[in-house]
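Enquirer: Starting off with a structure, shown below.
Protein chains: 2
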Amino acid sequence: MIKVEKTARNIEPCSRSKCPVSCVLELLGDKWTLLLVRDLLLGKGTYTEFQQSPEGIPTNILAERLKRLQVAGVIEKAPYQERPVRYRYHLTDKGRDLYPVLSAMIDWGNRYVEGTISRAEIEAIMAAK
Amino acid sequence: MIKVEKTARNIEPCSRSKCPVSCVLELLGDKWTLLLVRDLLLGKGTYTEFQQSPEGIPTNILAERLKRLQVAGVIEKAPYQERPVRYRYHLTDKGRDLYPVLSAMIDWGNRYVEGTISRAEIEAIMAAK
DNA sequence: TTTTCTTCCTTGCAAAATACAAGTGACCAT
DNA sequence: ATGGTCACTTGTATTTTGCAAGGAAGAAAA
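Protein sequence lines correspond, in order, to chains A and B. Sequential numbering from 887 applies to the first sequence in our numbering. Sequential numbering from 887 applies to the second sequence in our numbering.
Below you can see the structure in the form of structure tokens.
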């Protein structure tokens, strides 16, 4: 059973307007959430793997975001081994469908932010998993 | 001359990693910034128009985001009349190239968030400006 | 069997960002 | 002079974030 604190942005999913952009931002509009989706698309899935990503997400933020994404149906948590039990998060179809958003960000970042890792390099990592 | 406070996320544009997604999120990763880009794509441009959008951005946040987007070269500010002088913000090429990001969010929102305004309706508004 | 290790978090607290309300200055019209 | 609009700025309370430490549940090592 997932416990999620009732903070302002967790209560109502579409509280500001009916604009799809606004609704998406209420769920994903912060500096960390889409980074988790990125990690999942790159083949990462455990709590420890997320923590080890180079951006260094704080562990309490990580736990909170994972809960929120589960509640939203973007990710699921499942044990991948017993003795000891270990968990892996994975994207649902709903979560995988965020790829176009990430993809557009990659293109924009590659074009306008100097020194970013290229789409080709990222796709190589994705293919290698 | 634009004054921008030196807050953590304003100092360095790419401080966490070279990942384009991470860099884009450092600039745009919050609940308001992309809403301004949306408004600009929809034909809005003045401070008052941004304030009147249905999401109700706080005025100090609005001022701060406009400054940040200017410094980043995503938008520009120009007087559109004298006597009295009034200002209008508009997207640069760099800003307009964020449209694919918004577009992907619209698609995802329309598919997964019930009750959101459809892409067709949004495009009608854009065409009407 | 006590200690140590790993994974997956939780808790406490300081710092930063955000939200809300009110105020300010420039300019113009009356 | 007074009042209005636009484009912000300021003050302050609330919320969120960042950082460090702690903790439970096994498993492995001593």
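Cβ atoms here follow ideal geometry from the backbone N, Cα and C, with glycine treated the same way.
Of all the alpha helix (DSSP H) runs that stay within the bounds of the segment 962-1003 of chain A, which reach a length of 4 or more residues?
Expert: The segment 962-1003 of chain A contains these whole alpha helix (DSSP H) runs: 979-982 and 985-998.
Enquirer: Taking the straight line between their C-alpha atoms, what separation do you get for serine 939(A) and serine 908(B)?
Expert: Your numbering for residue 939(A) matches position 53 in the first sequence. Your numbering for residue 908(B) matches position 22 in the second sequence. About 11 Å.
Enquirer: For asparagine 946(B), count neighbouring C-beta atoms within 10 Å of its own C-beta (all shown protein chains included) and say buried if the count is 16 or more, exposed if not.
Expert: Here the question's residue 946(B) lines up with position 60 in the second sequence. Exposed, because fewer than 16 other Cβ atoms sit within 10 Å of the Cβ of asparagine 946(B).
Enquirer: How long is the line joining the alpha carbons of glutamate 906(B) and isoleucine 1011(B), rounded to whole angstroms?
Expert: Working through the second sequence from its first residue, we reach residue 906(B) at position 20. Working through the second sequence from its first residue, we reach residue 1011(B) at position 125. Note on residue identity: the sequence assigns proline, not glutamate, to residue 906(B). If you take the alpha carbons of proline 906(B) and isoleucine 1011(B), they lie about 31 Å apart.
Enquirer: Along the chain, which unbroken stretches of the alpha helix (DSSP H) at least 4 residues long are found entirely within the segment 900-952 of chain A?
Expert: Listed in chain order, the complete alpha helix (DSSP H) runs (minimum 4 residues) inside the segment 900-952 of chain A are 906-914, 919-927 and 933-938.
Enquirer: Is glutamate 950(A) close to chain B, meaning its C-beta is less than 8 Å from at least one C-beta of that chain?
Expert: The residue labelled residue 950(A) in the question sits at position 64 within the first sequence. By this cut-off, glutamate 950(A) is not an interface position.
Enquirer: Label threonine 934(B) either buried or exposed according to how many other C-beta atoms from any shown protein chain fall within 10 Å of its C-beta, with 16 as the threshold for buried.
Expert: If you number the second sequence from 1, residue 934(B) lands on position 48. Exposed is the call here.
Enquirer: Can a CB atom of chain B be found closer than 8 Å to the CB of lysine 892(A)?
Expert: In the first sequence, residue 892(A) corresponds to position 6, counting from 1. No, lysine 892(A) lies away from the interface with chain B (no Cβ there is under 8 Å from its Cβ).
Enquirer: If you measure beta-carbon to beta-carbon, which residues of the segment 977-1004 of chain A are closer than 9 Å to chain B?
Expert: Cβ contacts with chain B come from Lys980, Asp983, Leu984, Tyr985, Pro986, Val987, Leu988, Ser989, Ala990, Met991, Ile992, Asp993, Trp994, Gly995, Asn996, Arg997, Tyr998, Val999, Glu1000, Gly1001, Thr1002, Ile1003 and Ser1004.
Enquirer: If I measure Cβ to Cβ from glutamate 941(A) and keep anything under 7 Å in the same chain, skipping five residues before and after, which residues do I get?
Expert: The count along the first sequence starts at 1 and reaches residue 941(A) at position 55. The answer, listed in chain order, is Leu921.
Enquirer: Can you have a look at valine 923(B) and say buried or exposed, based on whether 16 or more other CB atoms are within 10 angstroms of its CB?
Expert: Here residue 923(B) refers to the residue found at position 37 of the second sequence. That one is buried.
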